[in-house]
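Worksheet for the structure shown next.
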Amino acid sequence: MMVTVTGGSGSGKSEFAENMLAELVNNAKGNNKLYYIATMKPYGEDAAWRINRHQKLREGKGFITIECYNNIGRCMLQSKSNVLLECMSNLAANEMFTETIKDKYSVYHKICSGIDGLKEITDNLVIVTNDIFADGVIYDKSTMEYIELLGMVNQYLAKISDRVIEVIYSCPLVIV
0 MMVTVTGGSG SGKSEFAENM LAELVNNAKG NNKLYYIATM KPYGEDAAWR
50 INRHQKLREG KGFITIECYN NIGRCMLQSK SNVLLECMSN LAANEMFTET
100 IKDKYSVYHK ICSGIDGLKE ITDNLVIVTN DIFADGVIYD KSTMEYIELL
150 GMVNQYLAKI SDRVIEVIYS CPLVIV
(Lines of atoms letter the chains of each structure in order from A and count residues from 1; the text may use other names and numbers.)
(Lines give C-alpha, C1' and ligand atoms only; values in the text may rest on other atoms or scores of the structure.)
Protein backbone atom coordinates (compact mmCIF):
# COMPACT_ATOMS: atom_id res chain seq x y z
CA MET A 1 0.00 0.00 0.00
CA MET A 2 1.18 3.52 -0.76
CA VAL A 3 -0.04 6.44 1.35
CA THR A 4 0.75 10.12 0.95
CA VAL A 5 0.39 12.22 4.10
CA THR A 6 0.29 15.99 3.75
CA GLY A 7 -0.28 18.94 6.03
CA GLY A 8 1.10 22.25 7.15
CA SER A 9 4.12 22.80 9.34
CA GLY A 10 3.53 21.49 12.85
CA SER A 11 0.27 19.75 11.88
CA GLY A 12 1.22 16.37 13.35
CA LYS A 13 1.62 14.71 9.97
CA SER A 14 4.97 13.09 10.80
CA GLU A 15 3.79 11.36 13.94
CA PHE A 16 0.59 10.31 12.17
CA ALA A 17 2.62 8.82 9.28
CA GLU A 18 4.92 6.92 11.65
CA ASN A 19 1.99 5.43 13.53
CA MET A 20 0.16 4.60 10.31
CA LEU A 21 3.11 2.67 8.87
CA ALA A 22 3.60 0.79 12.15
CA GLU A 23 -0.10 -0.14 12.10
CA LEU A 24 0.07 -1.28 8.47
CA VAL A 25 3.02 -3.53 9.30
CA ASN A 26 1.36 -4.94 12.44
CA ASN A 27 -1.71 -5.89 10.41
CA ALA A 28 0.26 -7.56 7.61
CA LYS A 29 2.12 -10.81 7.24
CA GLY A 30 5.66 -10.79 5.98
CA ASN A 31 8.56 -8.41 6.47
CA ASN A 32 7.98 -6.35 9.59
CA LYS A 33 11.07 -4.15 9.37
CA LEU A 34 10.40 -0.42 9.37
CA TYR A 35 12.70 1.89 7.41
CA TYR A 36 12.74 5.65 7.81
CA ILE A 37 14.29 7.51 4.89
CA ALA A 38 15.37 10.85 6.36
CA THR A 39 15.85 13.62 3.79
CA MET A 40 16.57 16.65 5.99
CA LYS A 41 20.17 17.77 5.81
CA PRO A 42 21.53 18.74 9.23
CA TYR A 43 22.16 22.43 8.43
CA GLY A 44 22.09 24.80 11.38
CA GLU A 45 20.42 24.80 14.77
CA ASP A 46 16.83 24.73 13.49
CA ALA A 47 17.47 21.66 11.34
CA ALA A 48 19.31 19.94 14.19
CA TRP A 49 16.38 20.68 16.53
CA ARG A 50 13.86 19.26 14.02
CA ILE A 51 15.94 16.15 13.37
CA ASN A 52 16.31 15.54 17.11
CA ARG A 53 12.57 16.04 17.62
CA HIS A 54 11.73 13.52 14.88
CA GLN A 55 14.22 11.01 16.28
CA LYS A 56 12.55 11.26 19.69
CA LEU A 57 9.08 10.88 18.13
CA ARG A 58 10.02 7.59 16.50
CA GLU A 59 12.11 6.31 19.41
CA GLY A 60 11.05 2.82 20.42
CA LYS A 61 8.97 2.29 17.26
CA GLY A 62 11.58 0.06 15.62
CA PHE A 63 12.56 2.26 12.67
CA ILE A 64 15.88 1.72 10.92
CA THR A 65 16.97 5.17 9.76
CA ILE A 66 18.54 5.69 6.34
CA GLU A 67 19.93 9.17 5.73
CA CYS A 68 19.29 9.90 2.06
CA TYR A 69 19.25 13.57 1.11
CA ASN A 70 18.88 13.03 -2.64
CA ASN A 71 18.86 10.28 -5.27
CA ILE A 72 16.31 8.19 -3.39
CA GLY A 73 16.52 5.65 -6.18
CA ARG A 74 19.89 4.62 -4.76
CA CYS A 75 18.54 3.71 -1.31
CA MET A 76 19.41 0.09 -0.75
CA LEU A 77 16.33 -1.62 0.68
CA GLN A 78 15.28 -5.22 1.01
CA SER A 79 12.41 -6.34 -1.18
CA LYS A 80 9.02 -6.14 0.53
CA SER A 81 10.25 -3.40 2.88
CA ASN A 82 8.05 -1.01 4.83
CA VAL A 83 9.22 2.55 4.28
CA LEU A 84 8.45 6.02 5.58
CA LEU A 85 9.97 8.77 3.44
CA GLU A 86 10.20 12.00 5.48
CA CYS A 87 9.83 14.43 3.76
CA MET A 88 9.22 15.24 0.12
CA SER A 89 9.66 19.00 0.53
CA ASN A 90 13.22 18.47 1.83
CA LEU A 91 14.01 15.98 -0.91
CA ALA A 92 12.72 18.34 -3.60
CA ALA A 93 14.78 21.23 -2.21
CA ASN A 94 17.89 19.05 -1.93
CA GLU A 95 17.51 17.90 -5.53
CA MET A 96 16.77 21.34 -6.91
CA PHE A 97 19.23 23.49 -4.98
CA THR A 98 22.54 21.67 -5.06
CA GLU A 99 25.43 23.77 -6.40
CA THR A 100 23.19 25.32 -9.01
CA ILE A 101 19.47 25.52 -9.43
CA LYS A 102 18.30 22.70 -11.66
CA ASP A 103 15.42 22.67 -14.11
CA LYS A 104 12.23 21.76 -12.23
CA TYR A 105 11.15 19.30 -14.93
CA SER A 106 14.34 17.24 -14.79
CA VAL A 107 14.16 17.25 -10.98
CA TYR A 108 10.49 16.22 -11.17
CA HIS A 109 11.32 13.23 -13.37
CA LYS A 110 14.24 12.21 -11.15
CA ILE A 111 12.08 12.32 -8.00
CA CYS A 112 9.15 10.50 -9.62
CA SER A 113 11.48 7.81 -10.95
CA GLY A 114 12.89 7.31 -7.45
CA ILE A 115 9.38 7.09 -5.98
CA ASP A 116 8.37 4.56 -8.63
CA GLY A 117 11.41 2.45 -7.69
CA LEU A 118 10.51 2.60 -3.99
CA LYS A 119 6.89 1.75 -4.67
CA GLU A 120 7.94 -1.26 -6.73
CA ILE A 121 10.04 -2.88 -3.99
CA THR A 122 8.02 -1.97 -0.89
CA ASP A 123 5.05 -3.65 0.72
CA ASN A 124 4.07 -0.39 2.40
CA LEU A 125 5.30 3.07 1.46
CA VAL A 126 4.22 6.17 3.37
CA ILE A 127 5.44 9.52 2.07
CA VAL A 128 5.18 12.74 4.05
CA THR A 129 4.94 16.01 2.16
CA ASN A 130 4.10 19.61 3.00
CA ASP A 131 1.31 21.96 2.09
CA ILE A 132 3.25 25.15 1.39
CA PHE A 133 0.90 26.61 -1.19
CA ALA A 134 -1.56 28.80 0.71
CA ASP A 135 0.39 31.81 1.95
CA GLY A 136 -0.27 33.90 -1.18
CA VAL A 137 3.25 35.36 -1.21
CA ILE A 138 5.12 35.85 -4.49
CA TYR A 139 8.71 34.80 -3.89
CA ASP A 140 11.85 35.12 -5.99
CA LYS A 141 12.02 33.10 -9.21
CA SER A 142 13.97 30.11 -7.83
CA THR A 143 11.64 29.74 -4.83
CA MET A 144 8.57 29.93 -7.08
CA GLU A 145 10.13 27.21 -9.28
CA TYR A 146 10.63 25.07 -6.17
CA ILE A 147 7.01 25.61 -5.06
CA GLU A 148 5.80 24.62 -8.54
CA LEU A 149 8.05 21.54 -8.46
CA LEU A 150 6.67 20.41 -5.10
CA GLY A 151 3.14 20.96 -6.37
CA MET A 152 3.84 18.78 -9.43
CA VAL A 153 5.39 16.06 -7.26
CA ASN A 154 2.48 16.17 -4.81
CA GLN A 155 0.03 15.76 -7.70
CA TYR A 156 2.00 12.74 -8.90
CA LEU A 157 2.03 11.25 -5.41
CA ALA A 158 -1.74 11.70 -5.13
CA LYS A 159 -2.24 10.01 -8.48
CA ILE A 160 -0.22 6.88 -7.65
CA SER A 161 -1.14 6.56 -3.96
CA ASP A 162 -3.75 4.17 -2.64
CA ARG A 163 -4.65 6.73 -0.01
CA VAL A 164 -4.02 10.46 0.49
CA ILE A 165 -4.48 11.93 3.95
CA GLU A 166 -4.24 15.54 5.05
CA VAL A 167 -3.42 16.08 8.71
CA ILE A 168 -4.88 19.25 10.22
CA TYR A 169 -4.08 19.97 13.89
CA SER A 170 -3.28 16.25 14.40
CA CYS A 171 -6.65 15.25 12.91
CA PRO A 172 -6.46 13.08 9.75
CA LEU A 173 -8.74 13.90 6.84
CA VAL A 174 -8.85 11.13 4.23
CA ILE A 175 -8.84 12.72 0.77
CA VAL A 176 -8.68 9.51 -1.29
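By the count of numbering that gives the first Met the number 0, the sequence shown reaches residue 175 at its end, each step adding exactly one.
A virtual CB, placed ideally from N, CA and C, is assigned to each residue, including glycine.
With 16 or more other CB atoms across the displayed protein chains lying within 10 angstroms of its CB, SER10 is buried. DSSP places ASP122 in the strand class (E or B) of the three-state scheme.
Contact between ALA47 and GLU85 does not hold, since their C-beta atoms are separated by about 16 Å, which reaches or exceeds 8 Å. According to DSSP, VAL166 shares a beta bridge with GLY6, PRO171.
Around the beta carbon of VAL4, 16 or more other beta carbons sit within 10 angstroms, so the residue counts as buried.
THR64: not part of any alpha helix (DSSP H); member of the beta strand (DSSP E) spanning 62-66, first to last residue. Contact between the segment 73-80 and the segment 12-30 is present: three or more C-beta pairs spanning the two stretches fall below 8 Å. Each residue's CA atom was taken as its position, placing TYR68 and ALA91 some 9 Å apart.
Counting only residues of its own chain and dropping the five nearest sequence neighbours on each side, PHE96 has a CB closer than 8 Å to the CB of SER141, TYR145.
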